[in-house]
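For what it's worth, this note's numbering labels the leading residue of the sequence shown as -9, then goes sequentially.
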Amino acid sequence: MMCSLQAPLRFYDCRETIAPSRLNHTMPSSTNVYRRRRGFAAITAFALAVAGIVLAINFAITGAPPTRASTEAVFRVEGLGCKRKPTRTVGTVVSEPLNSAGQLLLTVAHGVVGQERVVALDRGRQIPLQIVAVDTEWDLAVLQASSPLRAENGSPISPVPVAEGRTGHAAFVVFEEISATHEVQVVRPAYVSRRLRITTEDIYLADLQDRDARPGLEVRTPTYVGDSGGPLFNSNGELIGLVWGTSRKTAGLSWATRVQAANSLLETARVSRDVNSDAPEDALRLLACAP
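Below is the structure:
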């Protein structure tokens, strides 16, 4: 059996290889009609099976249980990008308050690298953020807030717990506009359909030939401009990944980087910022910056 994957529908097109000696060119017409009908029935059954899988995934998403995600630890991050156009991503608190003041947030690199000014929006306040570590290979960045971030009751915000990403229900925390000047935080139901490793083009280094495949998650959830960096939480409220891209061909299909990809980056940032607030850049693992 020879099977080839037909992109972008991900249907398998399987054709049986038949030896010439097995072909009967004098087959009665009634047999031909029977085989055509049987083939049509098989195609119909396959299409119904695919539709059933899609409906099952949609049901799983809409029927997701309530999340215990720490939504207070998720912030809108804004900056000024190319030609001073505003950019919007999402950052998540991943550290306790540091000795050097402030806290660390994790987000995607493509939303903050090369920005003139990066801030976290906190109930009307703009809190300056500094990029302290970047991994362009896996599109991750660590930001340091200029002061500790606090919940509505004034208590410090604790870092989110993390866990290995598995298939199943999840929650995607992002922000949506309700007017030209105001956004609200929302939790979108999501479903992690599989774990995989993803290879993409490098958007920072044009001459980079080889890059490791990032540990990823395939996710079924709606995504829009400004959702990059949005955290995925499992049903226990543990961070499992950051969404960074969506399919242009399949609605509701997105991809996330598993949070374990940021382990060494976060450890480097924590040590360098906790020990010395004026640590040199080579200690902060700044791998590359956009011009």
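Where is the CB? At the ideal position from N, CA and C, for every residue including glycine.
Taking the alpha carbon of residue i as the reference point, which residue from the options has its own alpha carbon closest?
{"i": "Phe162", "options": "Arg74, Val132 and Val80", "result": "Val80"}
{"i": "Arg263", "options": "Ala110, Gly71, Leu94 and Glu68", "result": "Leu94"}
{"i": "Arg58", "options": "Val215, Glu228, Gln175 and Ala123", "result": "Glu228"}
{"i": "Arg204", "options": "Ala252, Val174 and His159", "result": "Ala252"}
{"i": "Thr258", "options": "Pro76, Val124 and His100", "result": "Val124"}
{"i": "Ser225", "options": "Asp112, Arg178, Arg113 and Ile168", "result": "Arg178"}
{"i": "Pro118", "options": "Phe65, Thr157 and Thr213", "result": "Phe65"}
{"i": "Val160", "options": "Arg260, Val233 and Gly71", "result": "Here residue 160 is Ala; the residue named in the question, Val, does not match the sequence. Selected option, being the one with the closest Cα: Val233."}
{"i": "Thr157", "options": "Leu222, Ala170, Ala63 and Gly114", "result": "Leu222"}
{"i": "Gln250", "options": "Arg238, Thr171, Trp128 and Lys75", "result": "Trp128"}
{"i": "Ala110", "options": "Arg238, Ser90 and Ala63", "result": "Ala63"}
{"i": "Thr82", "options": "Val132, Ala170, Thr240 and Glu142", "result": "Val132"}
{"i": "Gly114", "options": "Thr240, Thr171 and Gly71", "result": "Thr171"}
How is residue i classed by DSSP in three states: helix, strand or coil?
{"i": "Asn253", "result": "helix"}
{"i": "Glu62", "result": "helix"}
{"i": "Arg113", "result": "coil"}
{"i": "Thr258", "result": "helix"}
{"i": "Arg263", "result": "helix"}
{"i": "Arg5", "result": "At Arg5 the pLDDT is 31, less than 50, meaning the model places this residue with poor confidence; the figure from the coordinates comes in the next sentence. Residue state, collapsed to three classes: strand."}
{"i": "Ala91", "result": "coil"}
{"i": "Arg248", "result": "strand"}
{"i": "Leu277", "result": "Caution applies to Leu277, whose pLDDT of 35 falls short of 50 and renders its modelled position unreliable; the model cannot decide the point."}
{"i": "Gly284", "result": "Any property of residue 284 remains undetermined from this structure, which presents the chain solely from -9 to 281."}
{"i": "Arg78", "result": "strand"}
{"i": "Leu292", "result": "Any answer about residue 292 is impossible in this case: the structure gives the chain only from -9 up to 281."}
{"i": "Thr126", "result": "coil"}
{"i": "Glu86", "result": "coil"}
{"i": "Thr283", "result": "As shown, the chain starts at -9 and ends at 281. That puts residue 283 outside it, with no answer to give."}
{"i": "Glu228", "result": "coil"}
{"i": "Gly71", "result": "coil"}
To which residues of the same chain is residue i closer than 7 Å at the C-beta, ignoring the five residues directly before and after it?
{"i": "Pro146", "result": "Pro87, Pro138 and Arg140"}
{"i": "Gly92", "result": "Gln134, Ala135, Ser136, Ser137 and Pro138"}
{"i": "Leu186", "result": "Gly206 and Glu208"}
{"i": "Met17", "result": "Note that Met17 scores 35 on pLDDT, short of 50, meaning its location in the model is unreliable; the coordinates nonetheless yield the value given after this. Contacts found: none."}
{"i": "Val84", "result": "Leu94, Leu95, Leu96, Pro149, Val150 and Leu256"}
{"i": "Ile168", "result": "Val174"}
{"i": "Asp112", "result": "Phe65 and Leu139"}
{"i": "Val261", "result": "none"}
Kindly list the residues whose CB is nearer than 6 Å to the CB of residue i, restricted to its own chain and excluding five residues on each side of it in sequence; keep chain order.
{"i": "Gly235", "result": "Trp245"}
{"i": "Thr189", "result": "Ala203"}
{"i": "Gly216", "result": "Arg78"}
{"i": "His15", "result": "Its pLDDT being 33, under 50, His15 is placed unreliably by the model, and the measurement read from it follows with that caveat. Closer than 6 Å at Cβ, skipping near neighbours: no residue."}
{"i": "Ser237", "result": "Leu243"}
{"i": "Arg74", "result": "none"}
Contact check, residue i vs residue j under 8 Å by CB: the rounded distance?
{"i": "Ile121", "j": "Val103", "result": "7 Å"}
{"i": "Gly69", "j": "Gln105", "result": "3 Å"}
{"i": "Thr77", "j": "Gly219", "result": "That belief does not hold up - the Cβ atoms of Thr77 and Gly219 are roughly 11 Å apart, past 8 Å."}
{"i": "Val108", "j": "Val67", "result": "6 Å"}
{"i": "Ile230", "j": "Gly155", "result": "4 Å"}
{"i": "Thr247", "j": "Leu130", "result": "7 Å"}
Below 8 Å CB to CB, which residues in the same chain sit around residue i once its five sequence neighbours on both sides are set aside?
{"i": "Val176", "result": "Val163, Val164, Phe165 and Glu166"}
{"i": "Thr61", "result": "Val163, Gln175 and Val177"}
{"i": "Glu142", "result": "Glu62 and Arg113"}
{"i": "Ser11", "result": "Any reading at Ser11 needs caution, since the residue's pLDDT is 38, under 50, leaving its predicted position unreliable; the model's value is listed next. There are no such residues."}
If you measure from the CB of residue i, is any heavy atom of the ligand MN nearer than 7 Å?
{"i": "Val163", "result": "What this structure holds is no ligand at all, so the ligand MN is not there to describe."}
Task: alpha helix (DSSP H) segments (min. 4 residues) lying fully within the region 144 to 223 - done: none
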